[in-house]
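All residue numbers in the sequence shown are consecutive under my numbering, ending with 504. Just so it is clear, CB atoms sit at the ideal spot from N, CA and C, and this is done for glycine as well. Note that the structure is a prediction, hence the values are computed from the model and not measured. Reviewing the structure listed below.
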Amino acid sequence: MTAVHVPGTPLIEDGRLLSTNPATGVEAGRLPVASPADVEAAVARARSASGWWAGLDVAGRRERLLRWRARLASRIEELAELVHVEGGKPVAEAVVEVVTAVEHVDWAARNAKRVLGPRRVRSRLMLAEFAAHLEYQPYGVIGVIGPWNYPVFTPIGSIAYALAAGNAVVLKPSEYTPAVGQWLVDSFAEVVHEEPVFTAVHGLGDVGAALCRSGVDKVAFTGSTATGRKVMAACAESLTPVLIEAGGKDAMIVDTDANLDAAAEAAVWGGLTNAGQTCIGIERVYAVEGVFDGFVDRVVQRAERLTVGADGTDIGPITMPSQLEVIRRHIDDALARGGRAVLGGADAVQPPYVQPTVLVDVPEDSVAVREETFGPTLTINRVRDVDEAVARTNALRYGLGGSVFGRRRAMAVAQRLRSGMASVNSALTFAGMSTLPFGGVGNSGFGRIHGADGLREFARPKAITRRRARSLLPATTFDRTDADVARLVKLVKLFYGR
Ligand code: NDP
């Protein structure tokens, strides 16, 4: 008996990886599966290309990256359509994703020189006879392993910054979105055709594992916390450094002085955009007692208007069919343990779709509050005050982003969140701010993409001291005398001893 193919589930046929649309089952891409030898060969090609790429001056890389940016910008609709066809994401959401990625390519290209370029740094009194020089040198080859939920924006957050820093990149796209990954590679090759500076290898998780063991100089992984652990373990074998961008369970806090309409609008978009399949998506909300009912009413009014379906809707299908069971389990568990569905609920999961679901008064120890749901669902719980909201928000091991709505205390509350990012009176906006670093704490990972920290993540600091005068107080030589040492002690006591 042949197994029935569930639309959206990747297939391997005759050594090719097939991706299909999760709503229609229509084929989106067919890419050759890489063997371990193919992965090694790709990294070897990238290694030789990296020499050429690093050897270009910064202006040469900048000019090519800006041409790639222009190529992406001029073909937004085409790429958004492919994202829609392959992963099911509504076209408008895919457009926003591509636009955000374009902004990151632009910023990384324009700022690499300023952030990474050679500079003199100050000497201190102790070694005043030496000049200090700092620069950031590329690693060589970066292996980028990407997820399916933002197949353009997320890998580009690593790829653009790694390329701008002077590295070559080998991408392993998610098995659910290989065609989008290949599209990125092909569009780059149209502007940089001299050397294979940015290439892709396709296949299932074992291809990602092979990339970790292929001798790349650093791995930038974005995906689930569980896979992140495997990636780290594989990289540990060869001390290959890793950047881990993992899952989240981001919260929104709604304070008593919040604009409730704006908060509801942001909660619905931040929680339900991309059918809730967003690492920094709002999954839980804590609203302070006095505003709880008014906030929940507004959320329901907005969320019940959203349309669900394959084309031209607000909410598309769940990209990874196996996630439907996770979403169903979270909703069922929340309801079984005393939570109430004020929208959607028990029958919300209608494969391949999930109807918008808002759950209130959900026990804090239920899976719907503690684990990543990755569906168009929100839990909203009431809290006494913002202190309780912060305590509950920070109670999980995840710590990616977060959102705070309010006036007087909002900034201070955002600063207290145990997370890498936060937005005040909006949701998710830090992801598009190319000047700001992006990354998590705890189970959400470590390391940063985006911004100056994101550029530095893909470069090694190189520190050089250069003698500019004779040492008056020789210390780092066997030629020093007892008198030199005594003078040294006297000097240190004089300057640092009080
Ligand atoms: P997975 O962890 O399942 O997969 C991520 C990538 O790792 C895929 O390309 C996958 O390949 C590959 N992979 C699987 N097994 C291995 C292995 N043993 N060694 C190396 N690579 C492997 O995550 P998803 O694709 O399901 O993505 C969703 C997750 O990503 C969510 O948890 C989400 O929160 C998180 N995410 C985090 C972001 C952030 O910036 N912090 C941004 C976006 C998403 P294959 O698909 O072929 O199995």
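If you reduce the DSSP assignment to three classes, tell me which class residue i lands in.
{"i": "residue 502", "result": "helix"}
{"i": "residue 486", "result": "coil"}
{"i": "residue 194", "result": "helix"}
{"i": "residue 258", "result": "strand"}
{"i": "residue 336", "result": "helix"}
{"i": "residue 461", "result": "helix"}
{"i": "residue 208", "result": "strand"}
{"i": "residue 492", "result": "helix"}
{"i": "residue 8", "result": "In this predicted model, residue 8 has a pLDDT of only 46, less than 50, meaning its place in the structure is not dependable; the value taken from the coordinates is given anyway. The answer is coil: DSSP assigns residue 8 none of H, G, I, E or B."}
{"i": "residue 288", "result": "strand"}
{"i": "residue 81", "result": "coil"}
{"i": "residue 467", "result": "strand"}
{"i": "residue 179", "result": "coil"}
{"i": "residue 293", "result": "strand"}
{"i": "residue 472", "result": "strand"}
{"i": "residue 72", "result": "helix"}
{"i": "residue 356", "result": "strand"}
{"i": "residue 31", "result": "coil"}
{"i": "residue 17", "result": "strand"}
{"i": "residue 342", "result": "helix"}
{"i": "residue 89", "result": "helix"}
{"i": "residue 435", "result": "helix"}
Taking a contact to mean a Cβ-Cβ separation below 9 Å, would you say residue i touches residue j in this structure?
{"i": "residue 252", "j": "residue 228", "result": "yes"}
{"i": "residue 205", "j": "residue 245", "result": "no"}
{"i": "residue 156", "j": "residue 243", "result": "no"}
{"i": "residue 144", "j": "residue 465", "result": "yes"}
{"i": "residue 288", "j": "residue 257", "result": "yes"}
{"i": "residue 398", "j": "residue 367", "result": "no"}
{"i": "residue 360", "j": "residue 282", "result": "yes"}
{"i": "residue 437", "j": "residue 430", "result": "no"}
{"i": "residue 540", "j": "residue 497", "result": "Residue 540 falls outside the range modelled here, since the chain spans only 7 to 504, and no answer is possible."}
{"i": "residue 187", "j": "residue 209", "result": "no"}
{"i": "residue 100", "j": "residue 109", "result": "no"}
{"i": "residue 113", "j": "residue 440", "result": "yes"}
{"i": "residue 310", "j": "residue 349", "result": "yes"}
{"i": "residue 28", "j": "residue 93", "result": "yes"}
{"i": "residue 154", "j": "residue 325", "result": "yes"}
{"i": "residue 323", "j": "residue 14", "result": "yes"}
{"i": "residue 446", "j": "residue 404", "result": "yes"}
{"i": "residue 225", "j": "residue 248", "result": "yes"}
{"i": "residue 52", "j": "residue 179", "result": "no"}
{"i": "residue 236", "j": "residue 215", "result": "yes"}
{"i": "residue 91", "j": "residue 32", "result": "yes"}
Determine the extent of the beta strand (DSSP E) in which residue i is found, giving its start and end residues.
{"i": "residue 348", "result": "346 to 349"}
{"i": "residue 408", "result": "Residue 408 -> no beta strand (DSSP E), and no H or E assigned at all."}
{"i": "residue 386", "result": "383 to 389"}
{"i": "residue 234", "result": "That residue, residue 234, is in no beta strand (DSSP E); its alpha helix (DSSP H) goes 231 to 242."}
{"i": "residue 137", "result": "136 to 144"}
{"i": "residue 445", "result": "Where residue 445 is concerned, there is no enclosing beta strand (DSSP E), given that its DSSP letter is neither H nor E."}
{"i": "residue 269", "result": "Premise fails: residue 269 lies in the alpha helix (DSSP H), 266 to 278, not in any beta strand (DSSP E)."}
{"i": "residue 311", "result": "No beta strand (DSSP E) contains residue 311, which DSSP labels as neither H nor E."}
{"i": "residue 25", "result": "22 to 26"}
{"i": "residue 363", "result": "363 to 366"}
{"i": "residue 251", "result": "248 to 251"}
{"i": "residue 126", "result": "125 to 127"}
Taking the alpha helix (DSSP H) that residue i falls in, what are its first and last residues?
{"i": "residue 117", "result": "97 to 122"}
{"i": "residue 211", "result": "211 to 218"}
{"i": "residue 168", "result": "159 to 170"}
{"i": "residue 42", "result": "42 to 61"}
{"i": "residue 374", "result": "373 to 376"}
{"i": "residue 398", "result": "392 to 399"}
{"i": "residue 419", "result": "416 to 422"}
The segment 176 to 189 touching the segment 257 to 271, judged by at least three CB pairs closer than 8 Å
no
Does the pairing of the segment 82 to 89 with the segment 131 to 139 give three or more beta-carbon distances under 8 Å?
no
Contact between the segment 414 to 427 and the segment 273 to 282 is defined here as three or more beta-carbon pairs at a separation below 8 Å; is this criterion met?
no
Any contact between the segment 450 to 464 and the segment 159 to 178? By contact I mean 3 or more CB pairs, one from each, below 8 Å.
yes
Closer than 8 Å is the cut-off here; do at least three beta carbon pairs connect the segment 191 to 201 with the segment 22 to 30?
no
Would you be able to state if there are at least three C-beta pairs under 8 Å between the segment 214 to 230 and the segment 39 to 49?
yes
Does the structure place the segment 375 to 386 close enough to the segment 326 to 340 that three or more beta carbon pairs sit under 8 Å?
yes
So, does the segment 225 to 241 touch the segment 70 to 81, judging by three or more C-beta pairs under 8 Å?
no
For the structure I just gave you, are there three or more beta carbon pairs, one from the segment 302 to 311 and one from the segment 335 to 344, closer than 8 Å?
no
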